[in-house]
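In my numbering, the protein residues as written are 141 to 646. Notes follow once the structure below has been shown.
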Ligand SMILES: [Fe+2]
Ligand SMILES: [Fe+2]
């Protein structure tokens, strides 16, 4: 790992002075970059991150005051401390230096102790300033990532690993100069099959990569409670303290660990390794808050999906209840849901429409609860009075389903599934586009399935005969009953109707 030396730009037109400063600073662990003119100094500042500038006042061309003014006038560079160096300790130079925005002075000839004391102090100020700025940037990044997470939140399609990718992208260093970020991250999280795996994240050629690791290492101290800690490798000596066990397990990843932040939870672990500086409680808080945010969304997604399951279950229960008085129609309600979804998809309805009709078509005959079983199961021809009773089931169904927004399509289908395109249906004798599309789809699906099954008043027809009746008509059922677009889709995809029937028959 690269060392984290403070980088000092020494600007003097006499290179002997740069050499002198180098001799003082380099043995103390500073990286010294030289520039022999104001112009060159400016170029260096554009090219490299600099932590401190030692700036000679008297230079030909762009002098020290000019360079200082330019640094302090720049949005990106103004936080770099500037120390003016002058052989002349005149009051005038100091005033000009203050006016140009300089942070401190040094006089030539250099006093080694004084140079080191000032440099040390200003480098520290710069580091604290950087931390503050980076902290601010992190908070901005976290706020924007939280906003994106919420905007893109799809509770029924929640992918934890995808969210972990986003979280790691927020934390990990994307390039060498992001010294306040970790280089590598390890995540232990469940994959799409629910099995917990280790993943290693790194940025390779500017791109975040996730590698799945074939390692089974449990890190957690306790499955019940979460724990977060940070660790900086001491220069000498062994690892100590209560996290020793965990750190030793991390050796299995064969990573040189200089520092880390580790989040251990019951369902996921996140380890951020090798920041370009010492890690602190602040780094631990950043990780903790991002992980908490992700786990919160995971929990909400779980709860929403549970509620959705309960809704689906209730729809099935109600649909089954509606068949209680009817003759045994087997999986009729499940099959019509599938036919409806197939037609809806092929006529180009949205995915959302397709999934709603698949479920809500199940309740089309819920109004039959109000019809006497003797009428529903009567093998002989119905009297006019009995037939009038049957014709009321769409109205009863719509009344049972009511006006809840989640059941709008179900109520619409219940009311309109016996209407005909030519206006000859019931209960409202609607025609053409007056009939909701869901009802037009259901009408054909229902009839196909009714024909395939034996009913008390008729035998079962095979697929070919059913197709002939629907497409060509038999005098009783006629092609003009159906929405031409729905009928065309049926004709083009008839084999798939047969496949659904075969799959779900019985
Ligand atoms: Fe019906
Ligand atoms: Fe039906």
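Built from N, CA and C at the ideal position, the CB exists for glycine as well.
4 or more residues per run - each alpha helix (DSSP H) lying fully within the segment 370–433 = 384–390, all fully within the segment 370–433.
If we call anything under 7 angstroms between Cβ atoms a contact, is residue 533 one with residue 511?
-> In this structure, residue 511 lies closer than 7 angstroms to residue 533 by Cβ.
Any non-hydrogen atom of ligand 1 closer than 6 angstroms to residue 505 Cβ | Yes, ligand 1 has a heavy atom inside 6 angstroms of this Cβ.
Is it the case that the CB of residue 302 approaches a heavy atom of ligand 2 more closely than 6 angstroms?
-> No.
Pick from 354, 471, 145 and 531: whose alpha carbon is nearest that of residue 594?
-> If we check each option's Cα against that of residue 594, 471 comes out closest.
Measure the C-alpha to C-alpha separation of residue 272 and residue 282 and round it to an integer number of angstroms.
-> Residue 282 has its alpha-carbon roughly 15 angstroms from the corresponding atom of residue 272.
N-terminal and C-terminal residue of the beta strand (DSSP E) that residue 147 is part of = That run of the beta strand (DSSP E) goes 147–151.
Could you name the residues that DSSP lists as bridge partners for residue 226?
-> Listed as beta-bridge partners of residue 226 by DSSP are 247.
Integer Cβ distance of residue 296 from residue 448, believed to fall under 8 angstroms = With a Cβ gap of about 6 angstroms, residue 296 and residue 448 count as contacting.
Which two residues bound the contiguous beta strand (DSSP E) that contains residue 326?
-> Segment 322–330, the beta strand (DSSP E) holding residue 326.
Anyone know if the C-beta pair for residue 497 and residue 484 falls short of 7 angstroms?
-> Yes, these two residues count as a Cβ contact at 7 angstroms.
Which listed residue (410, 416 and 355) has its alpha carbon closest to that of residue 372 = Closest by alpha carbon: 416.
Could you work out which residue in 537, 524 and 148 is closest to residue 505 when comparing CA atoms only?
-> Measuring from the Cα of residue 505, the nearest candidate turns out to be 537.
When DSSP labels each residue in this structure, what does residue 352 get in the three-state scheme?
-> Residue state for residue 352 is assigned as strand, using DSSP reduced to three classes.
Residues bridged to residue 341 by DSSP?
-> Answer is 325 and 350.
For residue 287 and residue 394, the rounded distance between their alpha carbons = Straight through space, the alpha carbons of residue 287 and residue 394 are spaced by roughly 36 angstroms.
According to DSSP, is residue 627 helix, strand or coil?
-> Helix, per DSSP.
Residue from 612, 598, 607 and 592 with nearest C-alpha to residue 646 | The option with the nearest alpha carbon to residue 646 is 592.
Comparing alpha-carbon positions, which option in 298, 215, 400 and 439 lies nearest residue 422?
-> Distance check between residue 422 and each of 298, 215, 400 and 439 places 400 closest, using alpha-carbon atoms only.
How many Å lie between residue 607 and residue 522 at the Cα?
-> Residue 607 and residue 522 have their C-alpha atoms spaced approximately 26 angstroms apart.
Can you give me the Cβ contacts of residue 339 inside the same chain, cut-off strictly under 8 angstroms, excluding the 5 residues immediately before and after it?
-> Only 301, 304, 326, 327, 328, 329, 350, 351, 352 and 353 meet the Cβ criterion.
Alpha-carbon spacing of residue 659 relative to residue 216, whole angstroms = In the structure displayed, the chain extends from 141 to 646; residue 659 sits before or after that span and is not available.
What is the DSSP secondary structure of residue 450, reduced to helix, strand or coil?
-> DSSP places residue 450 within a helical segment (H, G or I) once states are collapsed to three.
Output the boundary residues of the beta strand (DSSP E) element that contains residue 194.
-> Segment 192–196, the beta strand (DSSP E) holding residue 194.
Ligand 2 heavy atom lying under 6 angstroms from the CB of residue 466 | No - ligand 2 has no heavy atom lying nearer than 6 angstroms to the Cβ of residue 466.
DSSP state of residue 173, grouped into three classes?
-> In the three-state scheme derived from DSSP, where H, G and I count as helix and E and B as strand, residue 173 is classed as strand.
Simplified DSSP state of residue 311, which is helix, strand or coil | Looking at residue 311 - three-state DSSP - the assignment turns out to be helix.
Taking DSSP as the reference, what is the three-state secondary structure of residue 633?
-> Assignment of residue 633 by DSSP, reduced to helix, strand and coil, places it in the coil class.
Local conformation of residue 362 per DSSP, three classes = Reliability fails at residue 362, whose pLDDT of 49 lies under 50, so the model's placement of it is uncertain and the value that follows must be treated cautiously. It is coil, neither helix nor strand.
In whole angstroms, what is the alpha-carbon distance linking residue 560 and residue 550?
-> The straight-line gap from Cα to Cα measures roughly 18 angstroms.
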